[in-house]
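Numbering follows full-length UniProt numbering, with no gaps: position 93 of the sequence shown is 93.
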Amino acid sequence: MLKVENLNVHYGNIHALKNISFEVAKGEIVTLIGANGAGKTSTLQAVSGMLKPSGGKITLKEQDISHIEAHKLVPLGMAHVPEGRRVFAQMTVEENLELGAYILNNKKQISEDIEKMYARFPRLKERRKQLAGTMSGGEQQMLAMARALMSRPEIVLMDEPSMGLAPILVQEIFDIIKEINTTGTTVLLVEQNANMALQIAHRAYVLETGEVVLSGVGKELLNNAQVKKAYLGA
């Protein structure tokens, strides 16, 4: 579904991503793990059109999207849940969800999809008229995920969904990611919580200073000595 070949990104004179290559097949959860500054967020932002690559190729369903603007990728089936949630703080939960469906014109369909989000995220239903900025971090993360799903994406990019959340909420967020995947949505996940990410991922890529240094099946990397030492505190 998604293929990244020799991706390069520069910030001025800084070479942030160096010939990164990876693939995400339809129906997979693929995770990118690595330390702060490894290039995980830059990779997602380049894939979703928020950063312009300085080299390489990105294809989505065999279409070259390397230089397509971010908003034009949503109708092609891609959604991005950004780091830090980025909900519209001065709008209600329901208004945030409606904005997530901006590419859809069928009001009945949008209403039905909102009800599906409330079934999947019951806490959002309880707070449907509440301003998003007044909710807890975990609730805002659920809203950011639900808002992305409102565009009916085939692939969702998630950037650090567990960041700053209490352990009990972290487990809930990862359970939701698995559930989203079982309903047919492909997931590309960036996570600092390598242990949790590798437990749910079909495959994983390890990034260090802008390069892929290791890849493999998620559960196999959990038992990899190099990964354990660097990312799992072993």
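Glycine included, C-beta positions come from ideal geometry on N, C-alpha and C.
Starting from residue i, trace the beta strand (DSSP E) both ways and give me its first and last residue.
i, result
"V4", "2–11"
"N19", "14–24"
So what does residue i bridge to, in DSSP terms?
i, result
"Y231", "DSSP, once it has assigned bridges, lists no residue as partnering Y231."
"L157", "H80, L188"
"T31", "L189, A204"
"E211", "E208"
Please list the terminal residues of the continuous alpha helix (DSSP H) segment that includes residue i.
i, result
"G218", "218–222"
"L169", "167–182"
"A38", "No alpha helix (DSSP H) holds A38; DSSP gives it neither H nor E."
Taking buried to mean at least 16 other C-beta atoms within 10 Å of its own C-beta, is residue i buried or exposed?
i, result
"A234", "Residue placement at A234 is flagged as unreliable, the pLDDT there being 49, under the threshold of 50; a coordinate-derived value is accordingly withheld."
"H71", "exposed"
"Y231", "buried"
"N223", "exposed"
"N36", "exposed"
"V187", "buried"
"K129", "exposed"
"D175", "exposed"
"A86", "Going by the sequence as given, residue 86 is Arg instead of Ala. Exposed, since its Cβ has fewer than 16 Cβ neighbours within 10 Å."
"K26", "exposed"
In chain order, each beta strand (DSSP E) run of at least 3 residues that lies wholly inside the region 49–137
55–60, 78–81
Would the region 95–108 count as touching the region 177–186 if we require 3 or more Cβ pairs under 8 Å?
no
Do the region 157–167 and the region 184–198 make contact, defined as three or more Cβ pairs closer than 8 Å?
With contact defined as three or more Cβ pairs closer than 8 Å, the region 157–167 and the region 184–198 are in contact.
Quick one: any contact between the region 108–127 and the region 51–68, if contact means 3 or more CB pairs under 8 Å?
Contact between the region 108–127 and the region 51–68 is absent, because fewer than three Cβ pairs lie under 8 Å.
Within the chosen definition, does the region 91–98 reach the region 18–33 through at least 3 CB pairs nearer than 8 Å?
No contact exists between the region 91–98 and the region 18–33.
Under 8 Å, with one C-beta from each stretch per pair, do the region 67–86 and the region 139–157 reach the 3-pair mark?
These segments touch.
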